[in-house]
Every structure is written in C-alpha cells, then in structure tokens.
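Below: one structure, written as structure tokens.
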Ligand SMILES: Nc1ncnc2c1ncn2[C@@H]1O[C@H](COP(=O)(O)OP(=O)(O)OP(=O)(O)O)[C@@H](O)[C@H]1O
Ligand SMILES: Nc1ncnc2c1ncn2[C@@H]1O[C@H](COP(=O)(O)OP(=O)(O)OP(=O)(O)O)[C@@H](O)[C@H]1O
Ligand SMILES: [Mg+2]
Ligand SMILES: [Mg+2]
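Residue numbers (the working numbering), protein chains in the order written: chain R, 677 to 1096; chain P, 708 to 1020; chain H, 32 to 283; chain S, -1 to 245; chain C, 329 to 694.
Have a look at this one:
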C-alpha cells in the first residue's frame, strides 16, 4: 500500500532522530528483559516480536486478517529488520541498550517493557532521541501519567484501571466492610498499584490496615508475610509481578496464610501462574490478555503463535505483537517514518483489531482506552498448559478510565513532537 | 493477635533466615580461617547445590537456555527431597575437592586480593554457565508437600511459618555442631589450625596436609550445598541466587570473626533476627539496618564479635 | 633532663605482668643496653616506647614530653627510630627510594599535601637519602631493586632506613641475631661510627654479652618485668643477682 | 653404615647453585656440628636433608638408615625419624603451647599416617619431661605461642622436635636469641638427649659454642665442605677457624 | 635517573621555576604523556564510530565512546587505590552513584551547568570518601573489601527506600536538567567543522577535556611523593609507620583520591545519561570497575582505561548481536573467562601484557 512513498518521502521532511532511513531496510529495536525478575515475560515478548517482524515482511497472522494498512511485504517498501537487547530488568542497562540501538543500529522505533521503571527510563531517552517508543508491558499509572512523553504509547491498561475493574468483583465476592493489607513492590508500578487499589477499595467501603513496600526482586517474603498474617486483615493484596508475584503468593500459601485470609494478586500473567502452580487457586487478579479470550483476533494470534513456537502465548506476548503492528500500520497511514507524522497517526486512533474490543489510543496521554479482563486462579487439578485461570469478567472500557484532566492523565505533559 | 505470637514469629523468621547465612558463613569461615583462602565463589557452590537439589528432588520444565534448545526441556530425577538432601552434599563436596585442587592450590601463596579476584571471576563464570544451560528465568522449587503450612503441633500451628523452615533451622543446628566439634576437638582440627600459619612446618612434623586441606574445603563446600538444598525451596531458583547470597554470607563471617564457627553462628542469628525485627517494625530500613549493624559491629570490634585480635608478630 | 624516661611503667597481658614498674632513663648521647633472661620483658619495653603496645599504667617521656597517647609514627617524628630484627625494607622499591621514603618522612612530616609537587623538586629529600646511603655504603647500589640485595646489604639498608629518618634515639632489638661473628663485628662498627658522626643516643637489646659489654655506657638488667640491676658494665659483671638470674655460669 | 649419609649433593634455589657437591655423614649416636659463616649453605643442607622445598636437590643422594630419602616429601622424611628445629623457630603462633606440643605427636597416630611407611624408632619425650626441662613453658601452657618471647619460642621449637619420635635431630642455630643461662640449659638438654641415643646434627655459626658439645664438626663455605674432623682437631686448627668462621 | 648530577641540577632549576610559575609546570615526561593522550582522545570517536571500514569492523558508536572515557576515569582512579596502595575496595559504587545523584539533584535544584554539576558531584564524592574511608580503613585485605562493600550496600538500600523521596528509589532519578555548556552549547549538539568528524558532540569534547585533566592529575600524583609512599605502604606497612609516615592518613588520602576520580566520573555519567539508575549504587557496579581495572592492568595509569574500553565494548557491542550473533548471549560468560585467565596468567592485565611483549621485543633487539 505504501507504493514507493517511503523512498520518495525522504526529501519531504527534515532529518529527525533516525529519519530518514538509509538503505532499504527499517530496523526495529526490541528491548526486553532476558534476565532479572521479569525474564520469563521478556522471553515471551521477544518471541512475539520476532513473529511480528516475520508477518510484516512475509504476511501471516493479523497482518493478513486484522490490519488493513499492512501489506505483508515490509512497511513503506522497506523490509523490516530487528535488533534486540537485554534490559536485565534494570533501567540503566535498558537505557544503554536502547541508546546503542538508536545510535549504532539506527532503529526507527524502540519497543519493549516489563517493568515500569525501565519503560519510563527508556521512553524518556526515546523522547530525547526523537525515536518512537511503543511501551509493551508497563502497568504503572506514571507511564502515561506524570512521566508520559510524546514519543511513547501504551496499549496496556494501568493500575488505576485495574483498581476500577477489580474492586467491584472483590466486594461482590468477599463482602463489604472488610479490612485489607497490601504488600507492594517498591517502585513506580507497585506504588501506583498500591495507591489505586487503596483508592478504589476504600471507596467500595473496605479499610486498609497497612501497606508495606518490599524491594523489587525480593526472594524471601516470609517476614513480610508473617506481619501481614498477624495484622488481622481479611484480605491480603500482593502487588508483585512476574517472578516476585509468583514467589510471594507461593510463600503466602506455604506459610498457611490462605487459611485465614483471602489473597489477591492485582496483576497476573501466565508465566506467573505457571510458576506459582497450586498457590493461585481462587486468587483474583487482572491480566493483559489471555489465550482463553474468545474473539477472532485473540484466537488468530494464539494460532499463529502456536504454529510458530508450539506453545501458548502470554499476555505480554500479545501486547508485543500488537504494538509492533500498530506502529507499522501508523507509518503506512502516515506514508512516512518521519516520527511526528507517525505519532499523529497513532494519536486518537480508533481500532478493534487486537482482541480487546474497540479501543482508542487517546491523544492527551497516549493511553489506550480498552477493556480489562478479571480472572481467578484455578485449582492445580484443573490447570493445563495455557489454562491457569478462569475469566470472571471482561470489564468494558466504558466502566473504566478517567478523563484527560483527571486521574493520572491530569499530571501528564506529553512534550514536543520535534517538528515544531 | 497477641504480642508473644508476633514476637515468636519474628524470632523464628529471623532464625530461619539466619540459618542459611550460617551454613554458608561457617563454610566460608573455616576455609578462610584455615586455608587462608578468600572464596568469593562460595555463592557459586550454593548455586550448584540448589540446582542439583532441584534436579534430584523434582522434575522441571526449562523454558529457555541451551539445554532446552538441545531438546532437554524436561529435566530432573524426581526422587524427592530426602534423597536430594543426602546426595547433594556429596556432589558439592566433590566440586569443592576439585576447586581446592585446581584453584585454591595455585592461589594459596598469592595475595588476598588475587584470591578475591579470581574467585569473583569464577563466581561470574559459574553463574553465566548456569544461565547459558538453564536459562535466566526462575525455576519453581516448591517446598515439599509434607512440609507445607505450619506444623500441626498445638502451639506452633498458630504461627504463620511453614514446617520446612523449622527443618532448615534443625538441620543447620546439627550440621554446625558437628563441624564445630570436628575442628575444635580432633587431631584433624588441630592439624588444620596449625597449617593455617605454617603449612611447611606441619609437614616437617610428618603430617601430610594436602588431605586435611582438601577435606576442609570439601566440608565448607558441602555446607554450601546443603544450604542450597534447604534454601532453594524458600526462594525462586535462578542463576543469580549464588552471588546475591554471597554478600550477606561474607558479612556474617566478618562480623562473627574470621575462623570462628561460634562467631558465624552468632553473626547469622544477629543478621536474621535484625532483619526480621526491622521488617516487622520499620520495613523500609530492613536492608539498611543489616548493613548498619555490620558496620557498627566492625567499628567497635574490628576483629568481629568472636574473632581473635591478630596475634602480634 | 633525660632524653627518654619511663615512670612506673607497667604492662600486663591478662594476669601476666610483662613490664613491672619500670623506671628507666636514658641521657642524651648515652649508649644503654638492656639485658635479661628470655621473657623478661625487654621487647615489650621497646614496643611500649615505640607505641606498638599501650602501657597498662605509667608514663613514657621523650625530651620531657609524654608520648603515651601518641601514634607510632608521631613518636618516630619526634625522633625515636627502631631498627628491625629481620630486614624490614620495601623490597619492590629501589634502594634509593627506600632511603627517600624515610627522608621524606623526616623532612616533610608524617603527612603532607604536597601531592602535586613533582618528586624531582624535593631536593632536600634527595640530599638526605644520598648522605644516608653513603654512610651505610650503599650509594653505588642506589638504583638496584632492594629485593635483589644480598642479605648483608639488606641489613645495612635496614639500618640505613632507620638512620635516614634522622632520629635522636635509635632502638635496636637483637640487631645481630643470626649474624656470623664477622657480620656482627661489621654491624657494631657501623653503629659506633654512626654514633660518632651523628651523636646518636641508642638503646640496645642483646644476648651477646661480648657486644653488650663492649659498647654500652650503662646496662639495665630486667627480670620478670622488673629492673633488678643497673650500672656500668663492670658493676653488672660483678652483680650476684645478675649472675643468678641471667648469666648463669657464663664466663666473661 | 652411617645413620645419615649425604653424598655429593647439588642443591639449587631456582637457578642459583647453592650446595656444590656437598658430602657429609653422621654416625649413630654422635653429636655432629655443621659450621660456616652467613650464607654458607648450612640451612640449605638441613632443608635438603629434611625434604623441605625449596631447595631443589638436582644431583647426589641423601641416605638415612641406608634408605635413599632424596627428594622424598618432607612429611615422609619426618616419618623416618628425622626432626628439625628450624632457623626461624616457626612455632604455630595461633595455637597454645600445649597444642604446639600435642601436634608433634599427631603423625605417630596411625590413623593420621595414611599408610605411609613409618620407620622411626626413637622415643618421644613425655610432656612432663618437657615441662621439667623447660619450666618456662610449663608456666605458659595455655598462652598462644605467637605471644611468647623470642627465647620462649626457641624453647618451644626445640621441645616440639623432641616430642616427635626422633632418631636424628637437626638443630638450626638453637641458641639464637637465648639468654646465656638458658643456653646452658639447652646445652644440657641436648647432651641428655644425645645420651639417650638420639643422633644430633647441630648447625652453628659460633664455633666455640658448638665445639663444646660436638664430637665431630664439618665446616662449609660456599656450599662445599672445607673442613671435616673431630671437635678437638677443629679447636686446634686456627687457620680454618679464622678463614671460614671469622674467629 | 641513572645520571645523578644531571638529575639534581634539573631539580634545582625546576624548583626555582616552580616558585614563579607554580607547581603545575609539566616536568619530565608529563608533557609527552599529555600530548599523546590528547591525540588519542581526539581521534578515538572518529576511529571508533565514523572512520570508514574501521568503524564498520568495530561497530562502535558515539555515545559508547563517551561512556568509555567516563568509565575510564573511574577505573583510573580505582587503580590508584588498588594498584598502588594495594587496597581492594568493593564499594566504589558509593562514590560513582553518590556523585551521580548529587550532580543530578544539584542540576534540578541549583544549576544545570555541566561544569558546576561535575563540581557538585565530585565534592560530594570526596566528602563521602573521606567519611567512608575513615570508617573502613581500620583494617586491610578482606576486611576492607567487605567493609567498603557493606557501606556501599547501605547507601544502595538507603536510596532504594528511606531516601526514595529524593532519589526516586527503584525508579531512578529522572529529574536531571542539564543546561548548555558555558550557557552556549547544548551538549548533545554537534561540534563545528572538522571537529564534528573527529570528536562528534560537545558532550564528548567536554568529557575528553576532563579525561585529559584526570590523566594529567593521575600521572602527577604517581610521580609525586605520594606515588612512592603509596607503594611503600603496600610493600611494608609496618616499616612505613616506623619511618614516621602516617600510614593511616596516606591510605585515607589514596581512598579519597580514588573517590575523587569516581566522583568526577559519576557526575559525567549523569550528564551523559540525564538519568541516575538505582543500580549505579549496587555492588555489581563496584564489581564492574574492579573487573575493568584488573582486566586492563593494575599498577599502570592507562591499563584501567583500556580495561574499561574492553569491558564496555563486550558489554555493549558483543552482547548486542551483529556481528557477534554466535557469542552474544554469552558475553558475560566470555568476560568472566577473560577476567579469570587474566588474573591467572597475566596478573598485570592487558596493558602489562603488551608492555611485557614490547620489552621482550626491544630487549631482543638489544
Ligand atoms: N600478647 C601477649 N600476651 C600474653 N603474653 C605476652 C604477650 N606478649 C608478650 N607476652 C609475655 O610477656 C613476657 C615478656 O615478653 P618479651 O617479648 O618482652 O620478652 P623478652 O625480654 O624480649 O624475651 P626474649 O629475650 O626471649 O626476646 C613473655 O613471658 C611473653 O610470653
Ligand atoms: N629461598 C631462597 N631463595 C634464593 N636464595 C636463597 C634462599 N634461601 C637462601 N638463599 C641463598 O642461599 C645461600 C645459602 O643460604 P643458607 O640459608 O643455607 O645459609 P646459612 O649457612 O644457613 O646462613 P645463616 O648462617 O645466615 O643462616 C645464601 O646465599 C642465601 O642468600
Ligand atoms: Mg625479645
Ligand atoms: Mg641458616
């Protein structure tokens, strides 16, 4: 569909970031954790990214069925190439890696995630370097709140929306007037989850006994858990993700906490559930996406991923795949890789092709307005590959979110396009 | 909940955490005290112990790493925890023997700093080898089902601590006592302690030192291996656990006093309990407190709690 | 005023009294030897004076000023130098640098901020170092690495380092131990010569009675931490208590 | 057959050639002195006999009780009944006086020998006897050896050697750092040991002191034997004493 | 040195000159070393990231060139402590990270001038080094290593939680606001004319000038009495004390000096990255500088800088795949192996190895 527009486009706009592209391949940078507490998520993301590149160049998956803008023969007449880097779930490593991709490999777009601290650090760098950043898995309110940038976009929902989706389900299930206790990972993501859960559960009539920060990457939560157990609360929220989440929920069950209190893990995913095994039985939470979601895009993606890797994709994988295609489609619509134009194409774009219902990539904070699935962990006996929880409810986007001048978006100042 | 339950919980949590430090610190300390060897690769032995324990006790699915790439995605003997606990110390003991022979010997007469550096390098190599073979992502090493949940004993049942942690404390106590008796009260211990200062003179007395040395190193290593097996199910298992545990283990040795087994025990308990108490009170300061304690102890008693001041030459 | 004085000096190790109410005084320019049976407390006394050990009680005064509470290097700065028994040198440095280190300390104090001065500009230090090396006969070897020196020369350098610190008082604990009679002779000559030239005061600890009686102005005898006799060599030779505690039947 | 037979030994420290074709014999029961000035090679000779490394013995043989012990590890040599009082005393600083004495007996315990051949026949001195001979050590039983005075350490080093089962005792400057009175005590002890049948090879720089108790003497210079004869012969040989011993 | 009278005469004219011009006058080889360093610094980014053919082989890039210099300064200072005074610190992350936070906070609240930021960060690091040195220098060897490690970890955990309101905790410090150099030149902008080809950005030029000054300072320190005293203390501490040197204060001084270099480097790091990650205080950062220094060669001025280059090269280029796809996942393993082999076989590191080779070759010719 680009029809040679890419080559001709080079003279249309001034140099900016890595635009114009030299040669006839455009390179994407995949900056994912391959070590550290979120390594499992990162590995799955990388698989999805590679699948996306394959589909962009050779057709297949959503490129053929869901994204009309994409041709399956590269983007804007450029073949797509990619480089990857290991963020080690560490902001500094991630920035070094992103900076190498931008400066040496001259990538036209960076994507990646798992850890909001990393995403925030990298998107700030991308803003400076005028290179679009498609945030993959980052769930902190701040990513599109106080730390938002013009060059960053987020498909994933955030902690605020998790709170909105989860609170009614929890009060329904466990009753009113309960006391809850939170352990949260001590960084941007955990802090905003703690904040939002507190806000919405308190609004629903529950009372927070205490909330305690635990360092990211803690491996033994026993002391923290004992404190929680002895606090007399009815519900324990474990605001931990990835490996940390799997660990804390297993240790809670090992210590017998589930006998006296209800456990909640606000943000879940498949690798976590797999690692925690029996411990997740009956535990509520939200997920980015799940292979059990029954709609065409979801099932197509599941199929494509399974065909390629013979395994079931996780939520982060769906995000990775979707974000890559979204960027490519925006470039096609803009007719150029010139970043400000691509950004303008993404802003306020409405779509319904990634399996999470109709969505808008909101222009005021670059936060996708979308549905949030609420799930509950299955007993070990009912677990199977790709099936660790039942979907309780897919909360519609109309029941979620906040206005451009409210909630996290109220603190967002996007910054410049770079062509002003 | 009543105050005394809370206090006991905190204390037990502290003891359990301290137990892992103690197992590592005692090994480090006797190696440092007798062979005068600074082993920054002790964490690597812990790492080996954990993976060995996991693969003996359970079957695991690898999701990344070369082994998985080569088709060994499903790995492990699945023999259960008791066999793991019995076999692993021997495995790591043998690794220790090899290490004594190939690393400690050549570096025995090099400066402390060289020993630290070479073992630091080895620690990195071991960690990265595990990463290469088993992948970076954590493997689940669950606590045995018979040790999950609080023990079904009248009083302890009310304390939110799993039975496994009681086993950890018990196993540590027994092993450390055995090692202590061995070093303090046997000929073996005497020879080893003498060799600390002047190995050649020991040989001139007709005593061959190579074997006692190897045995000391092996014992230290085996203790690290045991720590790996008992500590593994308390933490997620991944290649970095070895180097992460090394820092507190070394601190334990130093605040307890190099070469002093009792000191290592005291240091480990102090560390574990301090940490547990701080988590229960000012959790933001829990980690800071650990290092602050270490710093204070060393400032007041540079030779460590039970260490002997250096004998004047 | 005596150059060095100790007053009721006591040092205890646990229950053991190694130095017991010792009152010692050394006049400027004097040569004093301390003798006594093994474990009498001689080395302990020297270590107290050089501040390697803290006294349990009592006082040590150098040039009238109490040095208890000073650090070892401060005591050296005041003019107390010690030669070590086994050659204690900086073996990776050249002979010249060995001497320069000591000279630097005596010329510029125990610590200075002269870090931006190039070494070449410290002419005073070079001079002292050269003079000292000359005095101990090592000037022609100045650029050799100290570790390459033969043992005898190392001992020489050792004494050279002690001298380059320009001390007023030199303490020597068994300086000739392990030396052959010849070497001993040479060392004694060196010391005497240095004394003559630099007017040094020194305190010597020795078990070799020949040397002791030859070069001491005064001898102090210690036994079990206490001074049991004190006097000129002749007086000591005749002292019954000394015979009994220390010399045994040795013929002199 | 002599008890110890050092035959044409060449020993090296790295590339420096220290002992040059050195030969000496020690007969059973005698006290033999090995004299020479600093650096002559006396300590090197003792180390070559006792199997300490360095030096490296490249040529020649050392025979003990007729067996070739050249190049055997130090611990094996000790098992044959050779004990050494080394030059720098080398007591175990971190062990108590008692433990220093106890360790000397460890190698006699069969469980610690690991089936190495042990042919020592000498009797080990009893601990009571040690404390009787060196009352100073008795007073300091539980003190760490590192904090002993120089002379006390020397006594301990000698006592430790005597606690081994000794057929041949190698003494490297045993009087160094000892008060004159203790020197007498040690001399007496050496004579008594000798009377009990232990053979002694005594290294000294001080010829006078050695001649007092020695039956026979060797003088070495630059790693080679330059004099060999009875103690009386040496006493009368002014030239040798002046030339090689500096007296 | 061999020509005794000439050296003395040299010294005398020098000192009278020094009185008038000051002690900053280059002496001996200093001018030559500085010139050579300046030349290398001037062509490095060009060769590394822009020179035809060569840069394609090397796969370098501008920002890595800058980063190498920054870590080089850090390692150089570290070696003054490890290589000369013989103290192995495992806590230098405290100075690097501390300075980075200080410079960052300074830029947010006081001034974003790069020069002032470097000053602020360095002053902080020096004060911190003074304080921590005071506490940890009570014992050497392993105790010192562990004590420094403990204090640095304490700082890490302080900023991760109790001080998170300043440092941003795990999120890192994001409030850095760097202003233009001299109020004129944005650091990331390109230099004029041929300088652009050679040096690239103002940032590089700024870092390179500071690196040059650091090399000069390091060289001077080593050739001042301090250099000699440091070596003497490492050799024989007791003897040094007994010639009347205050060993403790010299050690403290060498600790502070290396803290100074770490501070300069840490401040430049925040200027370069406009971000301070929490991990800059973590003990692995200390471990990295140890590896760099040893790899490059302890006891030499330039070895550690080379080590920093090699380390960062492997970390950033080799790990990044192309053209090292085959070994990329194992970059850390490779570094570990190289590190161990270095200690085992070439204890004097890469630099020492090349010097030995050079000596061997020239020695062979003689
Ligand atoms: N740190 C210590 N702890 C316990 N006792 C000690 C310590 N240091 C020295 N002593 C004891 O103090 C006494 C005096 O020792 P010192 O070294 O002063 O003797 P000395 O007169 O120098 O003897 P020598 O002539 O044998 O060298 C000795 O009995 C020794 O065992
Ligand atoms: N470890 C060593 N490495 C190299 N050379 C050595 C070593 N030990 C001794 N030497 C040299 O070997 C020679 C002989 O030394 P040895 O110690 O045997 O002499 P000695 O006769 O015992 O002297 P002394 O009476 O001083 O003890 C000397 O020149 C000495 O410098
Ligand atoms: Mg003495
Ligand atoms: Mg000798």
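Glycine included, C-beta positions come from ideal geometry on N, C-alpha and C.
Handout entry: residue 44(H) Cβ short of 7 Å to ligand 1 heavy atom set
Key = Yes.
Practice task
Count the other C-beta atoms from every protein chain shown that fall within 10 angstroms of the C-beta of residue 972(R), then say buried if there are 16 or more, exposed otherwise.
Solution key: Under the 10 Å beta carbon count, residue 972(R) is surrounded by fewer than 16 other beta carbons and is classified as exposed.
Handout entry: beta-carbon residue 148(S) near ligand 3 non-hydrogen atom, thresh 7 Å
Key = It does: the Cβ of residue 148(S) is within 7 Å (strictly closer) of some heavy atom of ligand 3.
Exercise for the section: For the alpha helix (DSSP H) containing residue 741(R), list its first residue and its last residue. Expected result: Residue 741(R) -> alpha helix (DSSP H) spans 737 to 741.
Exercise for the section: Go ahead and pull the three-state DSSP assignment for residue 30(S). Expected result: In the three-state reduction of the DSSP assignment, residue 30(S) falls in the strand class, which pools E and B.
Exercise for the section: Taking only heavy atoms of ligand 3 into account, decide whether any of them is closer than 7 Å to the Cβ of residue 74(H). Expected result: In this structure, residue 74(H) has its CB closer than 7 Å to one or more heavy atoms of ligand 3.
Exercise for the section: Examine chain C for any beta-carbon lying closer than 8 Å to the beta-carbon of residue 1129(R), and answer yes or no. Expected result: This structure cannot speak to residue 1129(R), because chain R is shown only from 677 to 1096.
Exercise for the section: Compute every distance between the C-beta of residue 791(P) and the non-hydrogen atoms of ligand 2, then say whether any falls below 7 Å. Expected result: No; taking the cut-off as 7 Å, the Cβ of residue 791(P) has no heavy atom of ligand 2 nearer than that.
Handout entry: Closer than 7 Å: residues whose CB approaches a heavy atom of ligand 4
Key = Residues with a Cβ closer than 7 Å to any heavy atom of ligand 4, in chain order: 40(S), 41(S), 85(S), 170(S), 171(S) and 201(S).
Practice task
Could you tell me which residues DSSP puts in a beta bridge with residue 5(S)?
Solution key: Beta-bridge analysis with DSSP links residue 5(S) to 59(S).
Practice task
Below 9 Å between beta carbons is the criterion; list the residues of the region 67 to 91 of chain H that meet it against any residue of chain S, in chain order.
Solution key: Of all residues in the region 67 to 91 of chain H, only 67, 68, 69, 70, 71, 72, 73, 74 and 75 place a beta-carbon less than 9 Å from a beta-carbon of chain S.
Practice task
Could you tell me whether the Cβ of residue 113(H) comes closer than 8 Å to any Cβ of chain C?
Solution key: Judged by the 8 Å Cβ criterion, residue 113(H) is in contact with chain C.
Handout entry: Contact test: residue 239(H) Cβ vs ligand 3 heavy atom, cutoff 7 Å
Key = No; taking the cut-off as 7 Å, the Cβ of residue 239(H) has no heavy atom of ligand 3 nearer than that.
Problem - Neighbour flag for residue 920(P) against chain S, beta carbons, 8 Å - result: Not one chain S Cβ lies under 8 Å of residue 920(P).
Practice task
Could you confirm whether any beta carbon from chain S is found closer than 8 Å to the beta carbon of residue 971(P)?
Solution key: No, residue 971(P) lies away from the interface with chain S (no Cβ there is under 8 Å from its Cβ).
Problem - Closest by C-alpha distance to residue 94(H), when choosing among 109(H), 88(H), 87(H) and 102(H) - result: Comparing Cα positions, the closest option is 109(H).
Practice task
Mind listing, in chain order, the continuous alpha helix (DSSP H) runs of no fewer than 4 residues lying wholly within the region 991 to 1057 of chain R?
Solution key: You should have 991 to 1010 and 1015 to 1022.
Exercise for the section: Keeping to the same chain, check which residues put their C-beta closer than 6 Å to that of residue 872(P); ignore five residues upstream and five downstream. Expected result: For residue 872(P), where only same-chain residues beyond five positions count, the Cβ hits under 6 Å are 723.
Problem - In DSSP terms, what residue 810(R) is bridged to - result: 787(R) and 829(R), per the DSSP bridge assignment.
Practice task
Figure out for me which residue from 711(R), 712(R) and 731(R) has the closest Cα to the Cα of residue 1004(R).
Solution key: Scanning 711(R), 712(R) and 731(R) for the CA closest to the CA of residue 1004(R) turns up 731(R).
Exercise for the section: Leaving out five residues on either side along the sequence, give the residues of the same chain with a beta carbon under 6 Å from the beta carbon of residue 782(R). Expected result: By the criterion of a C-beta distance shorter than 6 Å, residue 782(R) is surrounded in its chain by 694, once the five residues flanking it on both sides are discounted.
Handout entry: Whole-number beta carbon distance between residue 607(C) and residue 768(R), since they are thought to touch under 8 Å
Key = Correct: roughly 5 Å between the Cβ atoms.
Exercise for the section: Compare the C-alpha of residue 899(R) against each of 737(P), 773(P) and 991(P) and name the closest. Expected result: The residue with the shortest Cα to Cα distance from residue 899(R) is 991(P).
Handout entry: beta-carbon residue 763(P) near ligand 2 non-hydrogen atom, thresh 7 Å
Key = Answer for residue 763(P): no, Cβ out of range of ligand 2.
Handout entry: DSSP beta-bridge partners of residue 129(H)
Key = Per DSSP, residue 129(H) has no beta bridge partner at all.
Handout entry: Residues of its chain near residue 106(H), where Cβ-Cβ distance is below 8 Å and the 5 sequence neighbours each way are ignored
Key = Excluding residues within five positions, the ones whose Cβ falls inside 8 Å are 80, 81, 82, 93 and 98.
Practice task
Would you decide whether residue 781(P) is buried or exposed? Buried here means 16 or more other CB atoms lie within 10 Å of its CB.
Solution key: Counting Cβ neighbours within 10 Å, residue 781(P) comes out exposed, since fewer than 16 surround it.
Handout entry: Nearest-angstrom Cβ-Cβ length linking residue 171(S) and residue 128(S), presumed shorter than 8 Å
Key = Rounded, the Cβ-Cβ distance is 21 Å, inconsistent with contact.
Exercise for the section: Would you tell me roughly how many angstroms separate the C-alpha atoms of residue 501(C) and residue 491(C), rounded to the nearest one? Expected result: Cα to Cα, residue 501(C) sits roughly 11 Å from residue 491(C).
Practice task
Give the DSSP-derived three-state secondary structure of residue 592(C) in the structure shown.
Solution key: Assignment of residue 592(C) by DSSP, reduced to helix, strand and coil, places it in the helix class.
Problem - Distance cut-off 7 Å: residue 47(S) Cβ against heavy atoms of ligand 2 - result: The answer is no for residue 47(S).
Handout entry: Listed by chain order, chain H residues near residue 190(S) by CB distance under 7 Å
Key = By Cβ distance, chain H contributes nothing, its closest Cβ being about 17 Å from residue 190(S), past 7 Å.
Handout entry: Residue span of the beta strand (DSSP E) that contains residue 372(C), given as start and end
Key = Counting along the chain, residue 372(C) falls outside any beta strand (DSSP E), though it belongs to the alpha helix (DSSP H) covering 358 to 373.
Handout entry: Nearest-angstrom beta carbon gap, residue 32(S) and residue 216(S) [assumed within contact, 8 Å]
Key = Rounded, the Cβ-Cβ distance is 5 Å, consistent with contact.
Handout entry: residue 121(S), buried or exposed, once every other Cβ within 10 Å from all chains shown has been counted against 16
Key = By the neighbour-count criterion, in which 16 or more other beta carbons inside 10 Å mark a residue as buried, residue 121(S) falls on the exposed side.
Practice task
Please decide whether residue 640(C) counts as near chain P, where near means a Cβ-Cβ distance under 8 Å.
Solution key: No, because no Cβ of chain P sits closer than 8 Å to the Cβ of residue 640(C).
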